[in-house]
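Each remark here refers to the structure printed beneath this line.
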Amino acid sequence: MTAAEVPLPVSTPRVAVSASPSDLARALMADAAEAGTPHPDTYRVLDAVPELMRTFHDHWRAVFDHGVVERPLKELVRRKIANYHECVTCKSVAVDSDRDRMDVKLQASYAWRDAPELDDRERAAMWLVDHLMGNDDAVDDVYAELHRHFADAEIVELGWFAAFNVGTIPFVRSWNLHGTKP
-13 MTAAEVPLPV STPRVAVSAS PSDLARALMA DAAEAGTPHP DTYRVLDAVP
37 ELMRTFHDHW RAVFDHGVVE RPLKELVRRK IANYHECVTC KSVAVDSDRD
87 RMDVKLQASY AWRDAPELDD RERAAMWLVD HLMGNDDAVD DVYAELHRHF
137 ADAEIVELGW FAAFNVGTIP FVRSWNLHGT KP
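Residue numbers for the sequence shown follow this note's numbering, so the first one is -13 and each next one is one higher.
Here is the structure:
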């Protein structure tokens, strides 16, 4: 059964969800299922606006899969934001092949300042996430720490990726595609 054929779990979505996705949506859903993220069902909603769906997919693949920042760090950022917002849809997908190690790092990210499980780059990234989610106003200190561990291009990419997820994840959660409980 392909991702496009899997029925949505019983819940009451707040937006139109395509029961018969377009060919493009089915192709993007299959790609997302193979890559591990985003959740394939997001394309059932985005199918209503094909150009947005295509642009979202291209943006996601370019920033998440490629770029200058290592993918596992971006996955840690994405998962922390998904957990913070309690997005069942977003929390249900993961890409790291060493899931146990990523779960340890994710748990450590909640006390990142003193977490020996995280390296300096990961701690700086978690500080940026806290800042972008409105939990830390020390922006000059955040950027000073980022500059100790990242080149400018990495800061821009990591910040863009985190900011994109800080906005997108609560919106996807609001769709209620998979209910409110894991």
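For each residue, glycine too, the CB sits at the ideal point set by N, CA and C.
Since this is a predicted model, take the numbers as computed values, not measurements.
- Within the stretch 82 to 127, no beta strand (DSSP E) run of at least 3 residues lies entirely inside it.
- Between residue 65 and the set 93, 36, 44, 141, the nearest pair of CA atoms involves 93.
- Taking a cut-off of 8 Å for Cβ pairs, the stretch 104 to 120 and the stretch 10 to 20 do not touch, as fewer than three such pairs fall below it.
- In the structure shown, residue 46 falls within a helical segment according to DSSP collapsed to helix, strand and coil.
- The C-beta distance from residue 4 to residue 33 rounds to 4 Å, short enough to meet the 8 Å contact threshold.
- Judged by DSSP in its simplified three-state form, residue 58 adopts helix.
- Check the Cα spacing between residue 165 and each of 137, 91, 72: the tightest is with 72.
- Residue 24 counts as buried, since at least 16 other C-beta atoms from the protein chains shown sit within 10 angstroms of its C-beta.
- If you ignore the 5 residues before and after residue 26, its C-beta comes within less than 7 Å of the C-beta of -11, 15, 18, 19, all in its own chain and listed in chain order.
- Per DSSP, the unbroken alpha helix (DSSP H) holding residue 28 starts and ends at 28 to 32.
- Counting C-beta pairs with one atom in each stretch, the stretch 124 to 134 and the stretch 100 to 113 have three or more that are closer than 8 Å, which means they touch.
- Excluding sequence positions up to five before and after residue 147, its CB lies within less than 6 Å of the CB of 49, 60, all in the same chain and listed in chain order.
- Restricting attention to 141, 154, 151, 157, the CA atom closest to the CA of residue 53 is found in 141.
- Going by DSSP, residue 156 is part of the alpha helix (DSSP H) stretching over 138 to 160.
- About 6 Å separates the beta carbon of residue 152 from that of residue 67, a gap short enough to meet the 8 Å contact definition.
- Residue 63 and residue 75 have their alpha carbons spaced roughly 16 Å apart.
- In its chain, beyond the 5 residues on either side, 113, 116, 128 have a beta carbon closer than 8 Å to the beta carbon of residue 122.
- Contact check for residue 7 against residue 30 passes: the beta carbons are separated by less than 8 Å.
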